[in-house]
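Here the working numbering is used: the first residue of the first sequence is 69, the next is one more, and so on.
Just so it is clear, CB atoms sit at the ideal spot from N, CA and C, and this is done for glycine as well.
In this text the structure is predicted, and so the values were computed from the model without any measurement.
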Amino acid sequence: MPFVLEFGREAFLFYLKGQVHMTKKISKTFDFKEAESRLYSWWEQNGWFKPEIAPADAETFVVSMPPPNVTGALHTGHALFSSLEDLMIRYERMRGKAALWVPGTDHAGIATQLQIEKMLQDEGTNRLEIGREEFLARTWAWKEKYGGTITRQLRRLGASCDWDRERFTLDDGLSNAVQEVFIKLYEQGLIYRGPRLVNWSPGLQTAVSDLEVDREEEQGKLYYFNYPIEGEEFIPVATTRPETILGDTAVCVHPKDDRYCHLIGKTAYVPVLNRAIPVIADEYVDREFGTGALKITPAHDFNDYEIAQRHNLLLINVMNRDATMNSDAGPYAGLDRFVCREKLWGDMSALGLTLRVVDHTHIIPRSQRGGEVIEPLISTQWFLKIKPLAERAVAAVRDGSIKIVPERFEKIYYHWLENIEDWCISRQLWWGHRIPAWISATGEIYVGKVPPKGSGWTPEEDVLDTWFSSGLWPFSTLGWPDETPDLKRFYPTAVMETGYDILFFWVARMIMLGLWFTDQAPFNTVYLHGLIRDKYGRKISKTLGNTIDPLELIDKYGADPLRFTLVTSGTPGNDINLDSEKIEANWRFVNKIWQAANFVLSNLQNDIQPSLPPREKLDLPSRWIMSRLTRVIASVQHLFDTNLYGEAGRQIYDFLWGEFADWYIEISKHPLYEGDDESKSSTQQVLLHVLNTCLRLLHPFMPFVTEELWGFIPGRARPLIISSWPQAHADYLDDQAEVDMTIMMELVRGVRNVRLEYGVDPARKISGSVAPGDHRAVIEKYSYIFARLCNVPSITIIDATMSTPTDVASIVVSDVTFYLPLAGMVDIAAECDRLNKEQSKLQEQIARTNAMLENDQFVNRAKPEIVERERMKLKDLSASLQQISERLSALCSA
RNA sequence: GGGCGAAUAGUUCAGUUGGUUAGAAUGCCUCGUUUACACCGAGGAGGUCAGGGGUUCGAGUCCCUUUUCGCCCACCA
Numbered sequence: 069m070p071f072v073l074e075f076g077r078e079a080f081l082f083y084l085k086g087q088v089h090m091t092k093k094i095s096k097t098f099d100f101k102e103a104e105s106r107l108y109s110w111w112e113q114n115g116w117f118k119p120e121i122a123p124a125d126a127e128t129f130v131v132s133m134p135p136p137n138v139t140g141a142l143h144t145g146h147a148l149f150s151s152l153e154d155l156m157i158r159y160e161r162m163r164g165k166a167a168l169w170v171p172g173t174d175h176a177g178i179a180t181q182l183q184i185e186k187m188l189q190d191e192g193t194n195r196l197e198i199g200r201e202e203f204l205a206r207t208w209a210w211k212e213k214y215g216g217t218i219t220r221q222l223r224r225l226g227a228s229c230d231w232d233r234e235r236f237t238l239d240d241g242l243s244n245a246v247q248e249v250f251i252k253l254y255e256q257g258l259i260y261r262g263p264r265l266v267n268w269s270p271g272l273q274t275a276v277s278d279l280e281v282d283r284e285e286e287q288g289k290l291y292y293f294n295y296p297i298e299g300e301e302f303i304p305v306a307t308t309r310p311e312t313i314l315g316d317t318a319v320c321v322h323p324k325d326d327r328y329c330h331l332i333g334k335t336a337y338v339p340v341l342n343r344a345i346p347v348i349a350d351e352y353v354d355r356e357f358g359t360g361a362l363k364i365t366p367a368h369d370f371n372d373y374e375i376a377q378r379h380n381l382l383l384i385n386v387m388n389r390d391a392t393m394n395s396d397a398g399p400y401a402g403l404d405r406f407v408c409r410e411k412l413w414g415d416m417s418a419l420g421l422t423l424r425v426v427d428h429t430h431i432i433p434r435s436q437r438g439g440e441v442i443e444p445l446i447s448t449q450w451f452l453k454i455k456p457l458a459e460r461a462v463a464a465v466r467d468g469s470i471k472i473v474p475e476r477f478e479k480i481y482y483h484w485l486e487n488i489e490d491w492c493i494s495r496q497l498w499w500g501h502r503i504p505a506w507i508s509a510t511g512e513i514y515v516g517k518v519p520p521k522g523s524g525w526t527p528e529e530d531v532l533d534t535w536f537s538s539g540l541w542p543f544s545t546l547g548w549p550d551e552t553p554d555l556k557r558f559y560p561t562a563v564m565e566t567g568y569d570i571l572f573f574w575v576a577r578m579i580m581l582g583l584w585f586t587d588q589a590p591f592n593t594v595y596l597h598g599l600i601r602d603k604y605g606r607k608i609s610k611t612l613g614n615t616i617d618p619l620e621l622i623d624k625y626g627a628d629p630l631r632f633t634l635v636t637s638g639t640p641g642n643d644i645n646l647d648s649e650k651i652e653a654n655w656r657f658v659n660k661i662w663q664a665a666n667f668v669l670s671n672l673q674n675d676i677q678p679s680l681p682p683r684e685k686l687d688l689p690s691r692w693i694m695s696r697l698t699r700v701i702a703s704v705q706h707l708f709d710t711n712l713y714g715e716a717g718r719q720i721y722d723f724l725w726g727e728f729a730d731w732y733i734e735i736s737k738h739p740l741y742e743g744d745d746e747s748k749s750s751t752q753q754v755l756l757h758v759l760n761t762c763l764r765l766l767h768p769f770m771p772f773v774t775e776e777l778w779g780f781i782p783g784r785a786r787p788l789i790i791s792s793w794p795q796a797h798a799d800y801l802d803d804q805a806e807v808d809m810t811i812m813m814e815l816v817r818g819v820r821n822v823r824l825e826y827g828v829d830p831a832r833k834i835s836g837s838v839a840p841g842d843h844r845a846v847i848e849k850y851s852y853i854f855a856r857l858c859n860v861p862s863i864t865i866i867d868a869t870m871s872t873p874t875d876v877a878s879i880v881v882s883d884v885t886f887y888l889p890l891a892g893m894v895d896i897a898a899e900c901d902r903l904n905k906e907q908s909k910l911q912e913q914i915a916r917t918n919a920m921l922e923n924d925q926f927v928n929r930a931k932p933e934i935v936e937r938e939r940m941k942l943k944d945l946s947a948s949l950q951q952i953s954e955r956l957s958a959l960c961s962a
């Protein structure tokens, strides 16, 4: 048995260390508050979170932690990823792999900068006033002060990551990687700088990427007006943003539009400003929409920008960075864009140009962070031509180098990458990786790690999008671009476990950059979890007031129930509605484990030498529980291999509570208290083995309670965290034992049912008699089960020659009939009624099974084992029916 | 406009390649302090697996379709 083999030479050494922390005697309940912090530091101080605990040639298993925002606080999303990743890491560690979980935090450019700006605002100052240098100093100070909060909180969940390898995206090493990547991409001609139309956030005063813009359908207005054309003509046009009229550089119609084609090539005049612009034709125009004519504002609209490229139109930017109008807006300069909209419309109305304003539902782009309306604006930014990278990223998933779980996200991934646009990577922020570039007075660009020689070079002020550095995370954290030993050993990583909401932001970019710079997929599996919602399925938000604080839950129930709940209440890619009632239920499960362990441990002989008798030497209940255990191990193995961790957890739960505790432990009391030495000892061995195995199976789910109990397990060689993962041993599979035990259990259930139905005092002992069919030996030998589990201490076996008893209730299971003499209590009519119901149920089932077996199609086409199973079932049902029918004719024929 | 997911007991959810009488937790009802556990045990009620059609010997599971809810992507002024 594995745990015997584990009993190594250094066993006692480990113990002495571990035992110091362990109480001598098992307590009544699990004091998780005391145990959690003690066990965590015990693990950590002994270096068991480190991959070096495995042999130097062990296979590796590496997970890069999705880095939380450095100044953030733990929320349920963190608790979820931590529970899942720790589960994978602990499982692989127990399987003997060099398991490495690399933790770290993200500088989170915009989020952190906003926090500091808010702080400055409260102090009555702002970042421009204190300047860049001071601002960064303040931010670093803030980071030093609060940066440890989230990682301390992750420890409370039991996260077994290698804290010595913790990284921060603004570390020197990672910054170096960022520069390296930027410079290489620039040299490869994939990064370019220039004025382009970008998504501009007037609130944050920076450009943002397409992904950072939320598009919401909103109720707005569509403004119709007449565009003046030379020769006293007009062309009707519609717009949702009248203020952009000031930046119009053309009016566009469809070339085949009979209404307007005579105007093509004429000159139009921008209202109020009277600037002359051409009327052009382009097939982009939809003749059916609005008036069928389109005003073109290339500097403030993405479609117009494209049209302008085709027609070499002028770009006139009429807005400032804060979305007020600039001098090109003429008399409107200085006005806010929305104020300008009203005023200009009023002025146009006075000029008799307006036609009508109608309600109109359209899509408004809003900043994902601030919520203000995003303004398409021309500005000079840095862009990454990402198509070549995207192609490789698509290929890696298509050829199976990377597997996405659940699979349906692959399609979404392809669609995004196949339609990807250049990535605007510069941000007008201060907190972040500064772009390593200098611009000369003549507009020449120099990109490098150190400033160029000569004078007249201005350093680039912008920083990089936060996701640019996160995109390097799996390899930058391991030392890249240096060929460090860690990089060699631990890259590529194994699983990227994160939420589906950042598939594009993060996962896709890691794949693209990983492939591009290391020629390897940065991980082989992407496991996407869902979002945590409240118990009504609503999104968690501060404004709704439905936030759930994981730390409060840990304080109340412990980390184990929270972890177990998070892992078992969902399936990959699906959202989880979290309800504290679920955690309370799993807290009771923790108690159940504790109590079961307490029972087992307090019933062992002091000098027990763990070993397991061969199957032939075990009694029926032991053969049964061993067979069941073996199946559970195999099933859990399969579920883990296919990333179905939740189902694995549920199966262990059901086995431990529903089979081991409810049945085996109850039954074991007989051999333990009344059996001979041999059966006593063998029962103890089995109890210990099953407990031992369950603790190991559960450790990745619930590390604390399992490790704490492990400290009491005789024969343990190492701490549970680095003990071996259970293996299924086919020797203990035993179909016959499972069949026989099932009959015994069904009989017990039947007796209990009848007793309750007839209102028999639970304390009252009844003697029963049994027509055992083919199961005489089992029933005779294990009749104590009836004594213990349904208070029927004595049983008479009836053989064929004896007449069937009267004044009894009968329980029929397979070919066994159990008679419960309830002298004076049995109401014959009621009993007949019960038996009749039972009989018709059986007849129904027999008819159904018969129909199946008489169907040649079924017999010929179904798998043989399925057909065989139906045959067995029919035999069983027929035997039961016969018993019932005999009973009925004896008791109820009158 | 395209795509995806969900719909199973009062509630929250499982149900892994199609195969016994569809499970659990929680809630509800009845009973019980039996030397691991009342943070418990025993028993029970509760489901036409959203509707319709199809494939199949066999469908909660596969296909088509409808409905409701949710999400993602998308340049219609």
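Sorting Ile198, Leu204, Tyr800 by C-alpha distance to the C-alpha of Trp498 places Leu204 at the top.
Assignment of beta strand (DSSP E) within the stretch 578-625, counting only whole runs of 3 or more residues, yields 593-597 in chain order.
If you ignore the 5 residues before and after Glu298, its C-beta comes within less than 7 Å of the C-beta of Lys334, Thr335, all in its own chain and listed in chain order.
For Thr526, the pairing in a beta bridge is given by DSSP as Ile507. Ala505 and Pro527 have their C-alpha atoms roughly 6 Å apart. In the three-state DSSP reduction, Gln436 falls in the coil class, being neither helix nor strand. DSSP places Glu120 in the helix class (H, G or I) of the three-state scheme.
Taking C-beta separations shorter than 8 Å and ignoring five residues to either side along the sequence, the partners of Met813 in its chain run Trp731, following chain order. In summary, Asp533 is buried, with 16 or more beta-carbon neighbours lying within 10 Å of its beta-carbon over all protein chains present. The beta carbon of Asn388 is closer than 6 Å to those of Asn394 in its chain, skipping five residues each way along the sequence.
Annotation for Cys900: the continuous alpha helix (DSSP H) segment containing it runs 896-922. Secondary-structure assignment with DSSP links Ile472 through a beta bridge to Val594. In the displayed model, Tyr400 falls within a helix according to three-state DSSP.
Secondary structure at His430: strand, using DSSP grouped into helix, strand and coil. The closest CA to that of Lys624, considering only Arg378, Arg224, Ala401, Glu185, is found on Arg224. For Val170, the enclosing beta strand (DSSP E) starts and ends at 166-170. In this structure, DSSP gives Trp793 a state outside helix and strand, which the three-state scheme calls coil. Contact between the stretch 363-376 and the stretch 398-414 is absent, with fewer than three C-beta pairs closer than 8 Å. Apart from the 5 residues on each side of it in sequence, Gly172 sits with its Cβ closer than 7 Å to the Cβ of Met133, Pro135, Glu234, Arg235, Phe236, Thr545 in its chain, given in chain order. For Arg699, no pairing in a beta bridge is given by DSSP. The shortest CA-to-CA distance from Glu742 to any of Glu938, Glu715, Ala855, Gly714 is the one to Ala855. Scanning Leu152, Glu489, Gly420, Ile94 for the CA closest to the CA of Val635 turns up Leu152.
DSSP links Phe370 through a beta bridge to no other residue.
As a beta-bridge residue in DSSP terms, Lys289 pairs with Asp427.
The continuous stretches of beta strand (DSSP E) do not include Trp413, which lies in the alpha helix (DSSP H) extending over residues 405-418.
In summary, Asp799 is exposed, with fewer than 16 beta-carbon neighbours lying within 10 Å of its beta-carbon over all protein chains present. DSSP places Glu652 within a helical segment (H, G or I) once states are collapsed to three. Per DSSP, reduced to three states, the secondary structure at Val860 is coil, with no helix or strand assignment.
If only uninterrupted alpha helix (DSSP H) runs of at least 4 residues are considered, those enclosed by the stretch 772-851 are 803-825, 844-849. Listed in chain order, the non-local C-beta contacts of Leu423 below 8 Å within the same chain comprise Tyr292, Phe293, Asn294, Pro304, local neighbours out to five positions each way being set aside. Annotated three-state conformation of Phe708 is helix, per DSSP. With distances taken between CA atoms, Phe667 lies nearest to Leu740 out of Leu740, Pro681, Ile600. Put simply, the backbone Cα of Arg405 is about 11 Å away from that of Pro270. The C-alpha of Leu712 is placed about 10 Å away from the C-alpha of Gly638. Annotation: the continuous beta strand (DSSP E) that includes Thr566 extends over 563-567. Where Ser132 is concerned, the enclosing beta strand (DSSP E) starts and stops at 128-132.
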